[in-house]
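Chains as they are written, first to last, in our numbering: chain S, 1 to 300; chain G, 1 to 495.
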């Protein structure tokens, strides 16, 4: 038997064949669109492949136009607001809730609380958005009805540029349920209990134990949640589209919403790809930054 | 050895599944079945559409029409993907803007030849295109070549002011009729405001609410009637894309929104009027709820609200549920009140439109909606004949009457008998109104349309985020120039 035949006989091809379909699908639906959008961001493109559509190479003109575009710049300003406030909320509130649930001594009760906090995840997000829109309604909303009880004037939270972003941010209050809570609980469960025990024996108070053990040892979870939160806030636009459509004016407009509208309402797919590429770059940079910050802290 | 065989069998199964998925995705469907896809959340419309399909299916046995409802939020993405992939449904609900875009990309079948032949489901004996009322068909002509049609409308929408006549009667206010003027309207509002009501509500949260944009259109149509006739170069009763582009770019007397007195006056008038729309009109997405609860006696809304109102009021059953907030009431729908040179706003304010001429026709024609197009993939699949036949049936007087009575859809074809409520929405016979969409509409650029809306919204706001009238006019003109120049260059138009 030749060396080559021996070599091929040694290799088990079955795993490669089994993984091939998913790799093909990934290549078609994940890698190819990324490459295509980078290429097409340098074209004025009406979204067609061949045929009668517009497909003209314009170099970096789409990007230059975007950086002169007030709507685009304002939408990034709005995103910054949502990224910063979202990061603060996602780092603090689900963690506090996870600590409370984790500190319940009775395993059965702790499990029930976990289920209670995770159960709302099954409610379609659209229902939650519309519920909050109703809560903020000027005529019939809960907020204005409560204010009316105290004789206060009606407030138009979603129709006022000064309040709309805060009103949207407040949606989902108390911001504790869902995936982030589970990640924190998993992180807290992964910490060796003997550390807490030792600290307790040494006389450390519960608060001291949280700051000296739980928070430092939950850094991988903080890093993951911070990265997910930033990416999520940059990508998100469904909530805004449903509730305010970026308004009033452009005061709650987001790059994702702009990309959607430029592609599907204006048929300028090249420009939409350019918006997508800028979002991709920002998200990659944010992820890289998180890695650097947390890596540096690990070394320290 | 056995494990190795097992692995190979599993790998083979996965590959087989994958291949069969691809074959199914690209493979042809049932040649006798015509799939009609539409979007929407309007249940009466869906049921009526299913009813029309059922009638057609019972009438003949060569084709079977199947109704496929798609998610409203993602319809455009879904439709665009299917058209690009060549596997779109046989008949697609669309809009004039979408159809223009898809036609320029070469995805749609040109219906102009079919439209020049008689519709076998109509008794008129006329060409199919002549069965359409007013400019409903010409409004959906292809933007780059108005002799081509890539979609046909099956119904229309229109805006009206709906008035709770029970409330007016309660306060001894005379019920107006369709000849009412804006001063008449404001005097009625004032009486209601004195009784503690917000007299009328208007939705202005989103561009898709359309009502404010439509009000601007109606007012501009009256003020610029003579100029609009001049813009209509091919004199077909409709100012199409090329004519709009020409109005902005060609000649010495081009339209300039940053200096146009009529546009400025309409905006100023709108701002004066908006202070009576009630708190929160910039976040109001719907007005029918307050109208149904009778907390607001009038609403400025579209015909699309009627089915919801009728459905709610007809289902009213106070005995079954004492907490039901809806009680039956009478209401009428009137066209937008006619502007006069001097309009009464309130006891301290009269607004003067410098250039308004008396006695001009009011813009009453609606916007074509319920448009349908045939993708080229339908032709390739050999289903053109059947799809066209159903589309002809769908626009017949019989189907239009059915849609009007079952779903309160306004017919776009002639000789259709409709119920009393829908009668108010019909276009006046032999209407002379020439339609030009301002608001950057009819230019196949939804982002520009939204820009116009948002600029107006910011102008109507109060507070630090509000923009001035000059900023609004300057921005709108800049956007008009940007969009029209691009369209001119894309189409190599020279005049």
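Built from N, CA and C at the ideal position, the CB exists for glycine as well. Treat the numbers as computed from the prediction; the structure is a model and nothing was measured.
Around the Cβ of residue i, are there at least 16 other Cβ atoms within 10 angstroms (buried) or fewer (exposed)?
| i | result |
| --- | --- |
| residue 106 of chain S | exposed |
| residue 501 of chain G | This structure cannot speak to residue 501 of chain G, because chain G is shown only from 1 to 495. |
| residue 374 of chain G | buried |
| residue 141 of chain G | buried |
| residue 106 of chain G | exposed |
| residue 101 of chain G | buried |
| residue 70 of chain S | exposed |
| residue 268 of chain S | buried |
| residue 41 of chain G | exposed |
| residue 305 of chain G | buried |
| residue 206 of chain G | buried |
| residue 314 of chain G | exposed |
| residue 193 of chain S | exposed |
| residue 150 of chain G | buried |
| residue 138 of chain S | buried |
| residue 356 of chain G | buried |
| residue 239 of chain S | buried |
Give me the Cα-Cα distance between residue i and residue j, rounded to the nearest whole angstrom.
| i | j | result |
| --- | --- | --- |
| residue 162 of chain S | residue 447 of chain G | 24 Å |
| residue 6 of chain S | residue 35 of chain S | 39 Å |
| residue 39 of chain S | residue 62 of chain S | 12 Å |
| residue 174 of chain G | residue 165 of chain G | 9 Å |
| residue 111 of chain S | residue 207 of chain S | 23 Å |
| residue 155 of chain G | residue 409 of chain G | 6 Å |
| residue 255 of chain S | residue 76 of chain S | 6 Å |
| residue 281 of chain S | residue 66 of chain S | 14 Å |
| residue 116 of chain G | residue 73 of chain G | 35 Å |
| residue 453 of chain G | residue 483 of chain G | 15 Å |
| residue 19 of chain S | residue 165 of chain S | 45 Å |
| residue 135 of chain G | residue 287 of chain S | 55 Å |
| residue 29 of chain S | residue 142 of chain S | 44 Å |
| residue 42 of chain S | residue 219 of chain G | 42 Å |
| residue 80 of chain G | residue 39 of chain G | 13 Å |
| residue 496 of chain G | residue 121 of chain G | The question about residue 496 of chain G has no answer here: the residues shown for chain G are numbered 1 through 495. |
| residue 33 of chain G | residue 77 of chain G | 24 Å |
| residue 237 of chain G | residue 228 of chain G | 10 Å |
| residue 267 of chain G | residue 266 of chain S | 25 Å |
Any idea which residues DSSP pairs residue i with across the strands?
| i | result |
| --- | --- |
| residue 66 of chain G | G:35 |
| residue 333 of chain G | G:162 |
| residue 368 of chain G | G:156 |
| residue 344 of chain G | G:350 |
| residue 97 of chain S | In DSSP, residue 97 of chain S forms no bridge with anything. |
| residue 410 of chain G | G:156 |
| residue 300 of chain G | G:161, G:202 |
| residue 45 of chain S | S:55 |
| residue 200 of chain S | None, per the DSSP bridge assignment. |
| residue 375 of chain G | G:108 |
| residue 127 of chain G | G:118 |
| residue 435 of chain G | G:238 |
Leaving out five residues on either side along the sequence, give the residues of the same chain with a beta carbon under 7 Å from the beta carbon of residue i.
| i | result |
| --- | --- |
| residue 264 of chain G | 469, 473 |
| residue 176 of chain S | 93, 94, 97, 117 |
| residue 458 of chain G | 465, 466, 467 |
| residue 213 of chain S | 191, 195, 196, 199 |
| residue 83 of chain G | 102, 107, 375 |
| residue 477 of chain G | 256, 257, 258 |
| residue 223 of chain S | 290, 294 |
For residue i, which residues of its own chain have a beta-carbon under 6 Å away from its beta-carbon, when the five flanking residues on both sides are left out?
| i | result |
| --- | --- |
| residue 159 of chain S | 248 |
| residue 247 of chain G | 231, 255 |
| residue 333 of chain G | 160, 162, 424 |
| residue 90 of chain S | 180, 225, 229 |
| residue 233 of chain G | 243 |
| residue 418 of chain G | 404 |
| residue 82 of chain S | 233 |
Below 8 Å CB to CB, which residues in the same chain sit around residue i once its five sequence neighbours on both sides are set aside?
| i | result |
| --- | --- |
| residue 94 of chain G | 79, 102, 151, 371, 372, 373 |
| residue 285 of chain G | 203, 205, 206, 209 |
Does residue i come within less than 8 Å of chain B when only Cβ atoms are used?
| i | result |
| --- | --- |
| residue 178 of chain S | Among the chains of the structure shown, chain B does not appear; the protein chains present are S and G. |
Which runs of the beta strand (DSSP E) spanning at least 3 residues fall entirely within the segment 136-211 of chain G, listed in chain order?
-> 152-157, 159-164, 200-202
Of all the alpha helix (DSSP H) runs that stay within the bounds of the segment 245-295 of chain G, which reach a length of 4 or more residues?
-> Runs of the alpha helix (DSSP H) inside the segment 245-295 of chain G: 261-274, 288-292.
Within the segment 48-95 of chain S, ranges of the alpha helix (DSSP H) (whole runs, at least 4 residues) = Entirely contained in the segment 48-95 of chain S, the alpha helix (DSSP H) runs reaching 4 residues are, in chain order, 61-68.
Going along the chain, which unbroken runs of the alpha helix (DSSP H) with 4 or more residues stay wholly within the segment 126-151 of chain S?
-> 142-149
Which full runs of the alpha helix (DSSP H) of 4+ residues lie inside the segment 78-118 of chain G, going along the chain?
-> 96-104, 112-115
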